[in-house]
Structure formats: C-alpha cells, structure tokens
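A.B. asks:
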Amino acid sequence: MVVDPVLPPGERIRLYRRRAGLTQEQCAQLKGCTASAWRKWESGERQVAAFSDWIEIARILRVRDLYKLTGLPVGELPDEPAEHATVPAIRAAMTSFDPRLAAEPDVARLHRAVETTWTIWQERRPFTQVGSMLPGLITEVRATIPVIDGPERACLLRAASMLYFLARAFTKRVGAHDVSLLAADRAMAAAIKADDLDFRAAAAWNVGMILAEQGHVEVVQELARDAAAKLEPTLSDGSPERMSVFGALHLLRAVQFARLGDEHGVVSALDTAEDVAARLGERNDFRTVFGPTNVGIYRMWLAVELSKPGEAIRQAQRYDITTVPSVERRFSHYVELARAYSIRAEDVAAIHLLLRAEQESAEELRFNVEVRAMVRELLRRESPVTRIELRPLADRIGVLR
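Per numbering that gives the first Met the number 0, the sequence shown starts with residue 0, numbered consecutively.
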C-alpha cells in the first residue's frame, strides 16, 4: 500500500487499521488500552508516547515496516527513558528474602521518617534524594513488622502503608510499574492487617492509581466504587479523613468514566467530589491533596480527556493552583493544560505551560513519556516563533538528537 509521505502518524494508524479490517474497539482490546485512548491516537489528540507502544500497534495492525506505520525515521521515534538510578535498590529492598534491622526497632522514629520523606517528595520533588531514602525505609519497615506486637503494631502498619503509598507514587513516576504495583499491593496488605477502614480505602485509591496507568479501567472503576460504597454509610459520623478519601475515590472514578466515554458518569462523580470538598476545604489526608482546588484541577484534566480542550482552558482559569502543596499536582496541571493548547495547535501557549512544568520539576519532565511525545509533535510543526524556546526544551529532555 502506498501511503502519502506527509500523512500524520494518527492517520496512518487509522489507514492500516481499516486495511486490517479491525474496529477501534477491537484494536484497543488487543492493545490492552481503552477505546478512547486508541481514538485519540488516530485523531492526533494524543501522541503514541513510547517505542514499545509503536511495536505493539504495528503487531496488531500487521505492519512489518515501522516507518510505513509511523512515517518517522528510527531516530525520531519515541524511546523509553532509562530506568532511574535509584530503582534497582528500591526493587531489591522490596523483594529481599531476609531484611535485617541495623539497630533496635523504633516505631515512633520510623513513623516520623516516613512522614518527613513524604513531605520532601510532595513539596520539593527531588527524585534522587527520595529514591535514595526509600530502600533503607522499606528494609526497616519489613524487618520491624515481624518483631512488633501490642499497641505499637497498628501504628507501625499505618506507617508501612504510607511508605508503600510513597514507593508506589515514586516508582510510577519513573516508569518502574512492576515495583509500583508491588508497593500498592503491600500498602493494601498493611492496611488490612491494621484493621483500619480509612487506610484500606486509601490503599484502594492507591492501587487504582497504578492499575489505571496500565489501562485496567473496568477493574479500577469497580475497586473505587466498592471502596466508596463501604465508606458511604459511615460518613455522617465519620472523620474528615474518611470523607476526604471518599472524595478522592470519586475523582478516581471520574477519570475512569472519562476513559470509558461516559460523560454522565464523569459529571456525577465530579459533583459528588465537589460537594465533599466544599464541606471539608483544602486537605491532604493520606497525601491525596483532596480539596476544592484539586477537584477543579480534575475538571480541567477530564475536559482534555473528553476531547474538550476549550473547556479545559476555561476551567483552568478558575483556580489558583500555585497554592497547592503538591509539586506533582502543579506539574500535572501544567502538562495537561499544555496538551489542551497543543490539541488546538496553540503551540506558543503549549510551550509556555511546558516551561512552567519544567520549573516545578525538571527531572520529572525528562521522565514523562507523554511530555516527550508532545514535544516531538510540537517539533514536527515548529515555526520561527516557537523554535527559540522549543528547541532548547527538547534538548533538555533528550528529545532533540
């Protein structure tokens, strides 16, 4: 088949899919992603972010020559960033057969250390520093749990759950999804052992965050629904922490509804989260940063997911996200807003937002495969106006070769 050499990658995916006699839904099922994600690849709203994804798409569409499918030379195809230098030690700490304590167990000190590490991660986002702290903490938690009984045990298990929340968040951000899923499972196990409903629900949210990243939309939807249903009858006399987790679970549900193309479900879940946030105000229970501003951020994200970039831009103007205590939330907000502008081909604004994201976390920008894909797309249509800022940015994140 002869393909127009200027045809964009998304159009090529559509062309070869039709040649293969497959629907978008069939391709999405074979790929293990949502039909919404596949549609966005074909429409150009979202770029294929990883080389491994291109390989899988080529296999599904039975295209042997990757250049014919992508229209891109090998040197311009996306790559997967190298594993962060701290991940092997984290993986080893998570899986070591016989973790040992270097000193007498001290639950109170361990709890403080976990909280301090979380604060460093949320407020400053130093990847190497936090990644270097995690192996020692994981080893200490694993070695302490078998030797602590009595009143201290529940406190230890809660600290362990929060530590595994952090390990999940960190390893997800650097693409070590095997470690991330293991950490999320460990967090749930610790919460169950602690017999703490709030921690169990927060752990369900935590598991959902990594499963959603891997495309398990229906599984996450069921998990978040069941956890929220377990909390709901107890909310009238429950703590603010419980209400906060309930709201966060509805934000997670809203994302899954968006990926399923269910706008009614999105609106319902967002409205529930907004009602809870209005009653609570700004909080950071279980490090979810739940509150009115976070709900507003999600409204913007989900407008992008539902192919409404103009609505996303309007939503973004309603909130001051500079007050949000989490670097990750501010970073993700700028990236998603950049994507909204990129979809509208308003490239100057998109680049400006990416530069704002870089100010929040330059290291995360380099590891974010969606950012790398977006920058490649911006390079393909660069102009003299955008080149002066775009080229140096592309070089800093390793896209410009």
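All C-beta atoms, glycine included, are put in the ideal place defined by N, C-alpha and C.
#1: How far does the alpha helix (DSSP H) with residue 176 in it extend, from its first residue to its last?
#2: Among 235, 115, 270, 241, which has the Cα closest to the Cα of residue 252?
#3: Would the stretch 269-289 count as touching the stretch 4-16 if we require 3 or more Cβ pairs under 8 Å?
#4: Which one of 89, 70, 361 has the shortest CA to CA distance from residue 125?
#5: Could you give the uninterrupted runs of the beta strand (DSSP E) lying entirely in the stretch 96-132, keeping only those of 3 residues or more?
#6: Which residues bound the alpha helix (DSSP H) around residue 19?
#7: Could you spell out the range, first to last residue, of the alpha helix (DSSP H) harbouring residue 292?
#8: Could you say which of 303, 355, 76, 279 lies nearest to residue 327 if we only look at CA atoms?
#9: What is the DSSP secondary structure of residue 269, reduced to helix, strand or coil?
#10: What does the alpha-carbon distance come out to for the pair residue 347 and residue 386?
#11: Helix, strand or coil for residue 282 per DSSP?
#12: What is the C-beta distance between residue 370 and residue 378, in whole angstroms, given that I count them as a contact (C-beta under 8 Å)?
#13: Taking all protein chains shown into account, do 16 or more other C-beta atoms lie within 10 angstroms of the C-beta of residue 308, making it buried, or fewer, making it exposed?
#14: Residue 325: which of 281, 366, 34, 84 sits nearest, CA to CA?
#15: Might you give, ordered along the chain, the residues of its own chain that have their beta carbon closer than 8 Å to the beta carbon of residue 109, omitting 5 neighbours on each side?
#16: Given a cut-off of 8 Å, decide if residue 343 and residue 373 are closer than it, judged by their beta-carbon atoms.
C.D. replies: On the basis of the supplied data:
#1: In this chain, the alpha helix (DSSP H) harbouring residue 176 covers 176-193.
#2: The candidate whose alpha carbon is nearest that of residue 252 is 270.
#3: No: the two stretches stay apart, fewer than three of their Cβ pairs being nearer than 8 Å.
#4: Comparing Cα positions, the closest option is 361.
#5: DSSP runs (the beta strand (DSSP E)) wholly in the stretch 96-132: none.
#6: First-last for residue 19: undefined, no H or E at that position.
#7: Start and end: 291-304.
#8: By alpha-carbon distance to residue 327, the top candidate from 303, 355, 76, 279 is 355.
#9: Look at residue 269 here: in three-state DSSP terms it is helix.
#10: Cα-Cα distance, rounded: 10 Å.
#11: If DSSP states are grouped into helix, strand and coil, residue 282 belongs with coil.
#12: With 8 Å as the limit, residue 370 and residue 378 do not qualify as a contact, their Cβ atoms being about 13 Å apart.
#13: When all chains shown are included, residue 308 counts as buried.
#14: Residue 325 has its Cα closest to that of 281, out of 281, 366, 34, 84.
#15: If you ignore the 5 residues before and after residue 109, its C-beta comes within less than 8 Å of the C-beta of 136, 139, 140, 143, 155, 158, all in its own chain and listed in chain order.
#16: No, the Cβ-Cβ distance between residue 373 and residue 343 is not below 8 Å.
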